[in-house]
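Notes to accompany the following structure.
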Amino acid sequence: MNTTTLQIRIDEKTKKEAKKVFDNLGLSISTAIKLFLKQAKKTKSLPIKGLTENGFTPEYEKMLIKEAEYALKHGKRYDSVEEAHADILK
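Just so you know, we're using my numbering here: the sequence shown kicks off at 1 and counts up by one.
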């Protein structure tokens, strides 16, 4: 397979922060970019989902927030772990 060089310009802060992410995933920046380009080729689309900073789609995160708000408003409250445990075992 013939290879070619791809050069990009990016600010230093973005590069450093992305490198930390990829290092944690066991990837080099080069490998991560290769994965991105191969996925774009495969799907014929931009392989980035609009995710929130928590890693969820905006719709899913909105649903989680609504569920949490409902649980806070309507959920049972217990004075002790034992009381909660007894209620669960009913």
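Even glycine gets a Cβ: it sits at the ideal position worked out from N, Cα and C. If you're wondering where the values come from, they're calculated on a predicted model, not measured in any experiment.
Spatial neighbours of residue i in its chain, beta-carbon cut-off 7 Å, leaving aside the 5 residues before and after
i     : result
Thr52 : Pro58 and Glu61
Beta-carbon proximity of residue i to residue j, cut-off 8 Å
i     : j     : result
Ile29 : Lys19 : yes
Own chain partners of residue i with C-beta closer than 6 Å, once the 5 adjacent residues on each side are dropped
i     : result
Ala40 : Pro47
Thr5  : none
Suppose only complete runs of 4+ residues qualify. What are the alpha helix (DSSP H) ranges in the region 9-59, listed by chain order?
12-24 and 29-43
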